[in-house]
Every structure is written in structure tokens, then in C-alpha cells.
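Here's the structure we're looking at; comments come further down.
Protein chains: 4
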Amino acid sequence: MLVVMSNTATKADIDRVCETIRTMGYTPVAMPGSSRTTVGLIGNDRRVDSSLVAELPGVAQVIHVSNLYKQVSREWKSDGTIVTIAPGVSFGGAAVPVIAGPCSVESEAQILEAARGVKAAGAVALRGGAFKPRSSPYSFQGMGKQGLELLALAKRETGLAIVTEAMDDEGAHLVAEVADLIQIGARNMQNYSLLKTVGRIGKPVLLKRGMAATIEDLLLSAEYILSEGNQQVILCERGLRSFDATARNLFDLTAIPVVHGLSHLPIVADPSHGTGRRDKVTPMARAAVAAGADGLIVEVHPHPERALSDGAQSLTLDQFTELMRQLRRVAEAVDRQVSGTPAGAA
Amino acid sequence: MLVVMSNTATKADIDRVCETIRTMGYTPVAMPGSSRTTVGLIGNDRRVDSSLVAELPGVAQVIHVSNLYKQVSREWKSDGTIVTIAPGVSFGGAAVPVIAGPCSVESEAQILEAARGVKAAGAVALRGGAFKPRSSPYSFQGMGKQGLELLALAKRETGLAIVTEAMDDEGAHLVAEVADLIQIGARNMQNYSLLKTVGRIGKPVLLKRGMAATIEDLLLSAEYILSEGNQQVILCERGLRSFDATARNLFDLTAIPVVHGLSHLPIVADPSHGTGRRDKVTPMARAAVAAGADGLIVEVHPHPERALSDGAQSLTLDQFTELMRQLRRVAEAVDRQVSGTPAGAA
Amino acid sequence: MLVVMSNTATKADIDRVCETIRTMGYTPVAMPGSSRTTVGLIGNDRRVDSSLVAELPGVAQVIHVSNLYKQVSREWKSDGTIVTIAPGVSFGGAAVPVIAGPCSVESEAQILEAARGVKAAGAVALRGGAFKPRSSPYSFQGMGKQGLELLALAKRETGLAIVTEAMDDEGAHLVAEVADLIQIGARNMQNYSLLKTVGRIGKPVLLKRGMAATIEDLLLSAEYILSEGNQQVILCERGLRSFDATARNLFDLTAIPVVHGLSHLPIVADPSHGTGRRDKVTPMARAAVAAGADGLIVEVHPHPERALSDGAQSLTLDQFTELMRQLRRVAEAVDRQVSGTPAGAA
Amino acid sequence: MLVVMSNTATKADIDRVCETIRTMGYTPVAMPGSSRTTVGLIGNDRRVDSSLVAELPGVAQVIHVSNLYKQVSREWKSDGTIVTIAPGVSFGGAAVPVIAGPCSVESEAQILEAARGVKAAGAVALRGGAFKPRSSPYSFQGMGKQGLELLALAKRETGLAIVTEAMDDEGAHLVAEVADLIQIGARNMQNYSLLKTVGRIGKPVLLKRGMAATIEDLLLSAEYILSEGNQQVILCERGLRSFDATARNLFDLTAIPVVHGLSHLPIVADPSHGTGRRDKVTPMARAAVAAGADGLIVEVHPHPERALSDGAQSLTLDQFTELMRQLRRVAEAVDRQVSGTPAGAA
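Residue numbers (our numbering), protein chains in the order written: chain A, 1 to 346; chain B, 1 to 346; chain C, 1 to 346; chain D, 1 to 346.
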């Protein structure tokens, strides 16, 4: 903690700050500048509660220099964490696995057609919501348990790993029976009860960044999961709230190298929510891989025009096949490989 | 739903859009302009899934004209709703009740001193967190059940109504036993499971606006509660995420008249979180009342410098007494009254 | 400047930082914490260029503690500045002068009707654009010099002070011949050539906050004017860009007490642009005065439905008369007075 | 224009809207829905001033369906525009030219070393500011005319095209004598006087997106230049203001495919300002090319640690050489080529 004094602070003001810091059990260091003095504090390794000094006379500003997060930090663990959600499906290494599938599980026919299609194109995991967080209570809320059963069926049929969202504690336990990777959606990024629950369940977690979350917020939410003993966390950039309605969200790809600098956890990108528009998904998927994404999650629907949710941002199977073709080239150009072999390739 | 065609759309494109609308069970109306045609749709009263037409050739844009929310709308109920949380404590009428108290319940001594102090100054309800959502898992998380018991004690001692936050389904039931008004925090504004739970519990709910929530998002979240049969919802503006770190949040007071125009629900303001800085709370509390707020919620701590959370934005009891004095004058100037009689007043 | 070291920084890293600071002519102070070391710098009173150290091995972060602005700061001049734009029309004291008038000067009849009307209601200055910055080159761009002549006429007829915008260097000199207060619009807040020009002209300047400007940005832009020797600057909050299209802008009233804390310059509020919607102007004008605004600038048009620009946010004369009536009450409630006597009042 | 009626609107309200539209010279079409009526307008090809109807009784919302811009639109000109700034240096085709150089021209030695270095690495144009817009009046403001002379010298020595910024009308004419591409900075994106001036000068213009500008704002500003008869405009994405201080700006790469959809103008990306941090420039430059950028502009300084401005985001020559190597691979992966042959390549 650093206490910046006003340039009108008196010596008595500075002494009072130093004394208060001593009362808190730390050693103050006053550093006079030509126009103002800064008082440092020796001995802290966590954020000290600054309210004791923030409002003392003559104090202009209090600055914290320690991070609030710990276990997620690259300073804590310098090697990148590799999260393996199923045999051969790992995030955080040289491979760039692609998760694909519809926004919602809608029927057996739909999910099986989607699963077979995305597998043929090279996806290694199937996404599909059984429990859906929707802004309106009148929108389709997902098939629930029945949706989970259909995902289990799709897994048996195709061998794809399963990625699906949990919205509450009870749902998390249900989801955990089927999912290889439990998704926490953007709206629940700071639902700390849920974070603790999936931390305790211990299965890999896909933690999506909230619509107005800083990178620090995202890492702190991940810290909730790690602090319960679960290190298997994959972060996900999926676009931020923006003043420009041209795209649905503002896709913050810089988050990828920023996270790589601050944390050892892998980070994937969701260009479907990131852009909200089908025709922007492919260029932005390419961009995400070029920026260093450790994987992608893409909405694909065999018949987007009939989708019960997010149709406008879902790719057709043909479009997804083409996206995968393009991704392979971009991945190679950054010395990585899109995992999964497309059907027909030798 | 309105479908705006590109100015390069052909007659065939327009016909295809009209045909698709017919397939969906509606009647299309093509309106040629000098540079482009717009196709309207007769017969919808809810948002039609637009993905069927959004991606047809020649379509430039799809515009929805219906609101997604219904029961919260002033079109649905033109008279303002009055939410009574305890005898004589009503939000939405001419009175402007003030809720005050510490961020967290910390001890019996602290909460009783706070309760007596805010009551003496004219507050009619006591706030205080027993379950605290904190960005970091290492920050103080609240006293839990014991905190609720202390709130019940403070109620017995002072007669103040109790406002406290629920963070999950289990907690909501615990909180409901003590609280007169169950708070849903900004981070949980789109925790739909929790919204449904408090909707079913049926007690009055204080729903705080999320940090990047539009007014429509806020109203849709309230709709989740109303759609479970609970009309007793008070909205709360508490500041938005901002690019300017000068204040903790960007306090959007325009939300007050905007909500009054769109919805029959009352809306209160939280100048403590809205500004995050003690010395800005009083002017912004005055501004909120002048803008038409139906109440206020203010952080007050008998000893802010010892607070376990949010000390920097908490008022002392003396500062709160002065705030109340100023509020009474501003409330009168807009033909309203701060409810509650200050100690010593006749 | 404070240099926060990574918790993996070696002693050699810390020594290198200290050595570099010495090379720059300052004295380093290393403050070891339990998990990381911070290096302070003694002797700076302005922002040191930090790039020399920011990228050295082991450096996690560089923090600046000095403000970039100087003459606008309340640390530089503790008494509030009073800017007098015409006899009896002063901003920054106990009075709350109101500037009112149409977005654009459109004709002699329109500007005279507006001027007489707003004067009768109690405004002390007339606003009206002769040069208009419009997003589209095809929108009405203002009447130019002829508009200035009509403003001069309105001044002669009513005695109102004149407030009008300058968009470029040449226009600033023309505007200065007529205006008592030269407005710099939000889009030009960082047009430094223009800021220097109006600084040199020496007439009072109304500096509007840019749509995404921090308070520090605003103060730095004001500093450009003061650094040319012109202290007569009035700041103006007029709403920020927002993700919520419900209102045109996000009106940041907290800027008022924040500016009062940081700077000696007066700040007025523009609820017309701040909200963009006629029916929100009056409540937010009240809120601005309650928050401590040193004046208001309000769009009023005798016939808003025929306005060539900004009709949807302009008040009618009747609405403005009512607004002034309400403002007088709110101003009194915060111990201030709306200057100007309404017609018919004794 | 579409007028959405409230669901409480009466027949008289609807008739009044229709009548008003007729008065404006258009034909109204009323489209009753089950809960509300929308009134369309036949015959408009530009944005009609909506204030006449927006405030009529019973009107809930007015929606505009025409764009405000015209000549910049892809609807106006379907083929992409190729802007050639110097022989062999074209933006908008298959090539991806790279502009590189220091933030500011600082000395003959500095600019020549930079020019030779970036040319050797494959850049085809040299950037360097002679006139610098700086937030603080006390920061280095550029060398002015002398800086322009040094850029002219660097051009003679290396053959690189020159890109430099103009801040005002007078400066624009000076800059035009030396620059092959006149840069309009983000802060001046809506300085309409300056836009008209560079429109009339007729040289190619690099128009940077403002910090809170929507894509529509950017295109409208470009329209100012085109409406003066100058079609040679290159747009530039350089990062938006953000609530997250982790990076300097929020780099909106989705703007690239969005602009490609709406406009025929080429768009380049500036990963240096877009991220503000040296170690993020290379991954985000790769991402920009993968997203489809028509070129890049990158800050490179032979000795960033001595730079007078923006040192923290400038690459060294070695880092830039490596960036170019990586870009070539990514460009190939999206079927494009980084123009310019690196030294030593055959």
C-alpha cells in the first residue's frame, strides 16, 4: 500500500499517516518529492484495508500494489497449466481444441446431427445448453435434465467430450454427471456460491468473462474455484458490453495475451458471442487463434434458421467446416495445431 | 418486427422475406422507400425469433418493436406500485424512506450502535450484510447465520425494518426469515435461479442494477420475479462500470426518471456504491432525491475506519445525520417527504 | 513514480531499477514487502517518463502519483474561481445562473422569440449555435456569420449574455466578437489547437466534457487554456457515451462534486444533451443543482417540433418556465439561488 | 422512419401521427399488431427529422432505417476502394502494407535510424509525428516544421512513403507538402473543420477512429472527407476507451470485418495504441491480419527507452523484424501478402 499525500499536507498529516500505519502493524516509509510526499508501507503481502488511512487529513490517494488473486497468478506458478477434459482433449498446450455445437439442446435429432457434423469437421468437444440463462423469463429456458441425457447420448454416439452450462448449485451437480467441462456463463461469473460449488465438485470448469468484468475480476473469480482445491479452470473471452450496437458485444482479444502474462491458466475465445453475428464469426475465430487462444468455442447449428436461441450467430455445418479449414492454416502460422482430424483426412 | 432491406435488394429478395414471414404465421407489409424497402409484420405481440429472416439475402437489419418485458411495464399497469416492507415503510408513494446501516454486520455492538444511530437520524430501515459477495475469496465473507440473528436482534431493539442480501437459493430462505426486504446484489442481477427463488418466497425484493445492465436488462430481471407471482419489487440504481477511475462507479441518476417512464415499480438510489467515496455520498444523495428517487440506501458505520468492508464509502453517524437534514430540505423542494422523524423532533 | 517489482524479481533486477532511476537524476528508495518490493523515487514533481524502467526485467508495474495538470488544480489555488461573463452573470459563487436557448440559430424571429421567452422565465444568458458540429455532413451546419449577427441582435434586444460555439481557429475569432462565453463542444475537447486559440483570445470559455473523457482529461484540456494565460474557464458535464440506448448519453452528475474536489474552476451541467430526451431534462436539471452545479445550460426552442436540430431534447418555453420554477426551490434547498428574476416577480 | 406507438395509443393518436407524416410530405402506412401499432413512412431516403412526431401523444419510439452516410457505403459502391499512397504502396487489395516508425520525430539521427531499420524489416511507409496532440500542455508537443523536414529527408534517403499527423487547418497544408498519407488522430475524428480541409486538399487520408466512436460515427466522419471530393480515405482501428486499465485501450478488431461489410473503404489496425503495451503488440498485430486488416501501423523506435513519447508501446527494431516475420506467415494463411521485401530476402 502506498499513501500519496496532497501537496498541501502538513508534517503533522504525514506523521499521523505513519503512526496509523504503525498501529496496523506495518512499517511506514515517507518519501518526500518536490511537490508531495508518498508514504510506503513495508511488510504487506495482501491488500491491507486502506480505509483507516484513506480518509485521514492530507491524504490524496491510496494505491495498492499487491494483487488480490494468488493461486491463479503466473507469479504463483510460472508454467502454464494444461487442463485435460477428456483423453486427448487438452487446453493450454500446443494444440488448439475446438468446442462446437448448438446454443441449446433442442431434440435428439438436432443434437445428434450437430454432434456428428462438428466431429466430422474436426471439433473435439460438443457444446449445447440444457439449462439456459435467458434475459427474458418468457424465452426458451432449455430442456433441463432431458437435455443432459441427450448430451450423454451424443457423447456415446460420437465420443466427443461434453461442455454444458450450470446455473445453480443443484444444476451443477446434475451437469457434473454428464459434462467433461462445466461451463459457468458470463452472467454468473460473480455468482460466488456457484463458483465454490464447482470448485468443490472438482471437474474442469470453463469460466466465461462477465460482460463488464476486468481481467482482474475474471482472475479473482477463477481464484474462488482454485481456492476450493480445483485447479482445472479454463478462462473464456466472450465479448464485453459496448456502446456500439453494430456488433452484439465488443470482443476483447487482447485479453488473451494479457491473461497469458498474468496467469498460468489457459484461455479460449468464443467468437460467436464475441461478435453475435454469423458473418463475423470466422474472421474473428482466425484472429483469436492468431492472438494465441488456447482453444475456441463456436456455436454451430445444423439448421440455424430453426434454432430456438442464438440462431443469428450460429454457423451452419458447412460454414463450420470452412472455418476449421481456415483455422488450421492460421494455427500453423503461429506454430500450433487445431486438434482433431477432419473426416476424410489421412 | 421490421425487416429493413438493403438498397441493393432485388424484388425476389423482398418476396422471399414476405414469404418467410407468412410461413411464420404473420402478415407481411412491404413499404418501398426511395432508396430501400422495409417489410413490416402484422400480428406479433412478442419478440418473434428473427433468425429465420435475419440472414436471408438482401436483408440489412431486423428491428424489434415490442418489449421483452410485460408485467413490469407501465403499459401493463399504469399506476405506480407501492411496496410496503413494514408497517409505515412504503416505497413508491410521496414518502422517501431511507435505508441505512453498515456494509456488513460485524458484531452485536457494532450493529446495535449503527441501528440506534441511523434510527435517531431518521432512517426507517437497517441495512447490513450477513452474506457478502466479495471479489476476492480472501476478503471477509460476512458472518452468515450469526449475522442474521444480530439483525433480528437489532430489529427487536429498534423496530427498524431489515434489508439484507441473499446470494443463493439456500441463503434466500434463511434471509427471508429475518429480512423485511431481501436484497439481490448487482453481481446476481442475472442469477435467474435466485430471482425465481425470491419470486416464489414472496417477500419484498430490492433488485440492484448490474454493473453493465441496461434498463431493459434490469426490468427483464424484475420480470423474472413478477412472473413467479411476486409484485413486491423495488429497483435500485447503484452505479455502472466506467472508464474513469476517479469514482468507483458511474452513478446513473437518469435511470430514475427513465424507470418511472417505463415501469410502475419504485426505484431507489444507492449513493454509497454509486460513488464509492464518502465525501461524494451526500451531494449525490441530494441529487437522487431531486431526480425523483423513491428512497435511498446509504452505508453508515459507527466507526468507518474500523469497518471490515467498504469503509471508504461509509458515512459516520454524524455525517449521516447531516445528510438526513439536507435530504429533508431537498425532498420538500420536490414535494416529497423523507419518512421517519429524527430524534428530538416533535 | 513508484516501481512495483514482480514477486519473482531478483536482487539484480531491483538494483538495475535503482541504478536506472539514479541515471535519470532521482534518488531511489527500495521498500521490500513480504511478497514483493516497491521502489519509490524521491524528487519528482511532474510525471517522469517511465518507459526507461517500465520494461526492465522484474518490473511488474509503474505507478505515477503526480497529476499532469497544475494551474487548474485546487492544490494550486484553493479558493474557487468565479467566472463573470457579463455584468451580474457569474459562475462559481452562490448564484446558479441558467443559460438557455435553441440548439441552433435558425432565423431572426426564432432567436428573438427564444431570447425573450427564456429571459422572461429567468435565464441570464442565451445559447444558440451559429456554427454546428454535426455527425453527418448532410445535416444542417448552422447559419454561420449570419447566425452570429442574429445573436448580437438578440443581445441588444434583451440584454442577455451570449453563449455560442466555436469549431475552429478562424471561427473562434468571429465568435469572440459576439459571444460573452465561447463554447468548446464535446467533440473538440481535445482539439488542442482550438484550446490554445481560445486561451489566447482571453474571453471566458465554456469547455464541454468529451463523450469518453475522464475528469483528468477534462482538467488537462482546461489546463491548455489556462496555460495560455486565460483563467476564465467554466467546465461542463454533458453526458458520456453509454452502452444503454435508453437515454442519448449517460449523465455523470458525480462529476460535479468530483471537479469541485480537484479543481477551483466552476462546473455547470447540460441536462439536455445529458439525457437527450425532453421529458428527462427537468428532473435531471433539478438533480444537477442538488448535486452542486454552478449553473445550467438548457436547450429551449419556441417550437421544438420545427427545430432544425435537437428538437427532441428541447423544452418549450412553457416547460422551461416550469423548470425554472422547480429549480428555484431546489436551489434554495441547497442554499443557493437561481439568478435572474422571472418576469412578473417582485 | 418507423413510428412505434405505445400499446395504450388511441386511434386518434395514430391518426395524428399519420397526419403529421403527411404534412412532412410522406405517405404513412399503419401496421396494427396485436398489442401495438407501428406506422411506417413511404418515400424517405435520408434521415427525416423525427422530432415532429417523436413527442406526439401515444408515440413510444421512432426508429430510423436509413444510414446517415452515403458515399462511404458499400451500397453506394460495391467494389472495395484501393488507396494508393505512393508507387507500389496500396491499401485495400491483396497486399497488407505495414507503416512503421516512432511516435514522434525527435532528431535527424533518430528518424533516419528508424526509417532505415523499418525499411530493412519490410515496412513500406514511415510514420512519425511532427505535430503531436498530447493530453497535457506540458508534454513534448513535437518538432513542428523541422520535424516535417526531417521526414522529407528520411523519404529521400529511403524511398519510404511518409505518414504524419495534421492537427489543424494550417498544419494540414504544411503536412500535405511532405506526407503521402495525412493522418487525422483519434482526438480529431470529429473535428469537422479539419476533415473538410483534408477533404479539399485531396491527398490520401488516414482517419483514426475516436476513443468512443461507433463504426457509424467513423463512417460519418469519413463521409465529411468524401463529400469534399476526396475518395482516398483509409480508416484505422486504434482501440477504444475501456473500464479495464490492464491495457491502455480496448482494441476492437471486430471493427475490421464490420467495416468491410458496411463500407468500400480499406481499414488498417494500430496494435501499438490498440494495446498500449509493447509485449502485446505482436500477438495483436497477428490477430489484426488474421481478422482481415488491409494494413498495419506500428510504433517502432530504435531506442524506445529514450523515446520522448509512447516509449512503453514502441517496439525495438529487432522486435519489429520478428513481428514482420510472423506477420508474413499469418498473411499467407489468409491468402494475403505483407508487402515489402525484407532486406536480404531474394
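Just so it is clear, CB atoms sit at the ideal spot from N, CA and C, and this is done for glycine as well.
- Here DSSP, grouped into helix, strand and coil, assigns G171 (chain C) to helix.
- Taking a C-beta distance under 7 Å as the contact criterion, M324 (chain A) and A121 (chain A) qualify as a contact pair.
- Against chain B, the CB of F243 (chain D) has a partner CB under 7 Å away; the residue lies at that interface.
- Contacts with chain D (Cβ-Cβ distance below 8 Å) from the stretch 124-137 of chain C involve P133, R134, S135, S136, P137, listed in chain order.
- Within chain D, the residues placing a beta-carbon under 9 Å from that of D217 (chain C) are S135, ordered along the chain.
- Annotation for K208 (chain A): no alpha helix (DSSP H) segment contains it, though the beta strand (DSSP E) segment containing it runs 205-208.
- Using a CB distance cut-off of 7 Å, F140 (chain A) does not count as an interface residue toward chain D.
- Proximity to N7 (chain C) across C:T20, C:V59, C:A95 peaks at C:V59, based on C-alpha coordinates.
- Taking 7 Å as the threshold, the shortest C-beta distance from A212 (chain C) to chain D falls below it.
- Checking the DSSP bridge columns, you'll see R127 (chain A) partnered with A:V163.
- The continuous stretches of alpha helix (DSSP H) do not include T246 (chain D), and DSSP gives it neither H nor E.
- Per DSSP, the unbroken alpha helix (DSSP H) holding M324 (chain B) starts and ends at 317-333.
- Relative to I162 (chain C), the option among C:D217, C:P302, C:K119, C:I63 whose CA is nearest is C:K119.
- Exclusion of the five residues before and after T275 (chain B) leaves G239, A247, R248, N249, F251, V281, M284, Q313 as the residues of its chain whose Cβ lies within less than 8 Å of its Cβ.
- In the DSSP annotation of this structure, the continuous segment of the alpha helix (DSSP H) that includes A154 (chain D) starts and ends at 145-158.
- In the DSSP annotation of this structure, the continuous segment of the beta strand (DSSP E) that includes Q183 (chain B) starts and ends at 181-184.
- Selection A:I215, A:M167, A:V178 evaluated against G159 (chain A) yields A:V178 as nearest (Cα-Cα).
- Linking P204 (chain B) to L253 (chain C) through their CA atoms gives a straight-line distance of about 30 Å.
- Take H301 (chain A), set aside five residues on each side of it, and the residues of its chain with a beta-carbon closer than 6 Å to its own are P102, A307, S314, in chain order.
- For V198 (chain B), the enclosing alpha helix (DSSP H) starts and ends at 192-201.
- In terms of beta-carbon proximity, L52 (chain A) lines the interface with chain B, with at least one pair separated by less than 7 Å.
- Between D168 (chain D) and chain C, the shortest Cβ-Cβ separation is below 7 Å.
- In this structure, DSSP gives S73 (chain C) an extended state, which the three-state scheme calls strand.
- For the pair C236 (chain A) and L126 (chain C), the Cα-to-Cα distance works out to about 53 Å.
- When secondary structure is reduced to three states using DSSP, S263 (chain D) falls in the strand class.
- Inter-residue distance for T214 (chain B) and R187 (chain A) is about 13 Å (C-alpha atoms, whole angstroms).
- Per DSSP, P28 (chain A) lies in no alpha helix (DSSP H); the unbroken beta strand (DSSP E) holding it starts and ends at 27-32.
- In chain order, E75 make up the part of chain B whose C-beta sits under 7 Å from the C-beta of T8 (chain D).
- Legend: CB atoms of the stretch 281-311 of chain C lying less than 8 Å from CB atoms of chain B belong to residues P283, M284, R286, A287, A288, V289, A290, A291, G292.
- Around the C-beta of P271 (chain C), 16 or more other C-beta atoms lie within 10 Å, and the residue is accordingly described as buried.
- Put simply, of C:Q319, C:G128, C:D335 the residue whose alpha carbon is nearest the alpha carbon of S309 (chain C) is C:G128.
- Taking the CA atoms as reference points, L317 (chain B) sits about 23 Å from L181 (chain B).
- Fully contained in the stretch 77-124 of chain C are the following beta strand (DSSP E) runs of length 3 or more, in chain order: 83-86, 89-91, 98-101.
- L235 (chain D) has a beta carbon lying at 7 Å or more from every beta carbon in chain A.
- For the stretch 184-202 of chain A, the set of residues with a beta-carbon nearer than 7 Å to any beta-carbon of chain B comprises R187, N188, Q190, N191, Y192, S193, in chain order.
- Against chain C, the beta carbon of E332 (chain B) has neighbours under 9 Å at R329, A333, listed in chain order.
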